[in-house]
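The next block holds one structure in the form of structure tokens; read it before the comments.
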Amino acid sequence: MIKKGAGFILVGLFVFGFWGSQQSIKAEEKIPQIYTCKQVTGKIKIDGILDEPDWQKAESIKFLHLPLTKDTQTQEYQEAISPGSGKILYDKNYLYIGLEAKDKDIWATMKDGEILCREDVLEIFIKPKKDSFVYYEFEISPKNKEWTLMWPRRGARSDKAAALYNPPLKKAVKIYGTLNDWRDVDDKWVLEVAIPFSAFKEVTSPPQAGDEWSFSFCRYDYSVYLEGGLEYSATAKLSRISFHLYEDYDILKFGN
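See the structure below:
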């Protein structure tokens, strides 16, 4: 979907320089990044404001632009045109995720349980076990609506069946701008979410220090300010535009 098609061609000419230059990452450097997930020492308030000391100490990972080709093996990986970043923390009960998405045209109208990727959305993909096919997808929109899916195996059944999974998330979104108004220029939106470890069905206990999971943060950004009206981006260096390529995900290593 391309929102507000009239007018995007003109402004799309300068969007590449709007938030600064893009940093390139060569395809041959496509080695999974090991992200250390720190354990929280204080209390995290889920309010969409990542201002707690634990968030300030957490590592940050940037979103990378995914070119509109079938294969990115020979491409250079660049920072997203609409920049974004993510952080992860944990305690004995929850996995905490904070995502920031620069967005000049924030747009979302859908409800819980609808296919949110047809509008602006941030997506969290997590695969707890290497020896299991099971992985999880959490989609959350700027309206703080969610679509959560547990995939028993990639392509094994329809997304309608996978969406029967409905874990109790704690989440909040803060918008810096106005929602659903193409006449102004927005700044960003921030998502903060706590996913209970009980949501990961094949994990019998919370992770221990040294445990490793696989993950990627992904994004659909629809905008009148983007050439073509849409940008795909992800924190993992995906081989092609498919957010379900868990073979390419980065490694989440739980720390002390």
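Using my numbering, you'd call the opening residue of the sequence shown number 12 and step up by one each time.
Beta carbons are placed, not taken as given, at the ideal position from N, Cα and C, and that holds for glycine.
As the structure is a computational prediction, the values presented were derived from the model and not from experiment.
What three-state label does DSSP hand F228 in the structure shown?
On the sequence shown, residue 228 is found 217 positions in, with the first residue counted as 1. Strand at F228.
Determine the direct distance from the alpha carbon of E157 to that of S209, and round the result to whole angstroms.
Residue 209 sits at position 198 when you count from the first residue of the sequence shown. Residue 157 sits at position 146 when you count from the first residue of the sequence shown. Those two C-alpha atoms are separated by around 18 angstroms.
Beta-carbon separation (whole angstroms), I108 vs I262, contact threshold 8 angstroms:
Along the sequence shown, one-based indexing puts residue 108 at 97. Along the sequence shown, one-based indexing puts residue 262 at 251. Wrong, their Cβ atoms sit about 16 angstroms apart, outside the cutoff.
What would DSSP say about Q67, mapped onto helix, strand or coil?
Translated into the one-based positions of the sequence shown, residue 67 becomes position 56. In the three-state reduction of the DSSP assignment, Q67 falls in the helix class, which pools H, G and I.
In whole angstroms, what separates the C-alpha of D114 from that of D58?
Along the sequence shown, read from residue 1 onward, the residue named residue 114 stands at position 103. Along the sequence shown, read from residue 1 onward, the residue named residue 58 stands at position 47. A straight-line Cα-Cα distance of about 19 angstroms links D114 and D58.
Own chain residues within Cβ distance below 6 angstroms of K103, not counting five before or after:
By 1-based counting over the sequence shown, the position of residue 103 is 92. Taken in chain order, the residues that qualify are P217.
Report all residues from its chain with a CB closer than 6 angstroms to the CB of G188; omit the five preceding and five following residues, and keep chain order.
As a working mapping, residue 188 is identified with position 177 in the sequence shown. Apart from sequence neighbours up to five positions away, the residues of its chain that approach G188 with a beta-carbon distance below 6 angstroms are I117, D197, D198, ordered along the chain.
Are the segment 117 to 129 and the segment 84 to 98 touching by the rule of at least three beta carbon pairs closer than 8 angstroms?
No, the segment 117 to 129 is not in contact with the segment 84 to 98.
Give the straight-line distance between the Cα atoms of V235 and F254, rounded to the nearest whole angstrom.
Against the sequence shown, residue 235 aligns to sequence position 224. Against the sequence shown, residue 254 aligns to sequence position 243. The straight-line gap from Cα to Cα measures roughly 23 angstroms.
Burial state of S71, where buried means 16 or more other Cβ atoms lie within 10 Å
Locating residue 71 in the sequence shown gives position 60, counting from the first residue. So S71 counts as exposed.
Which of helix, strand or coil DSSP assigns to F265:
As a first step, residue 265 must be located in the sequence shown, where it is residue number 254. The answer is strand: DSSP assigns F265 an E or B state.
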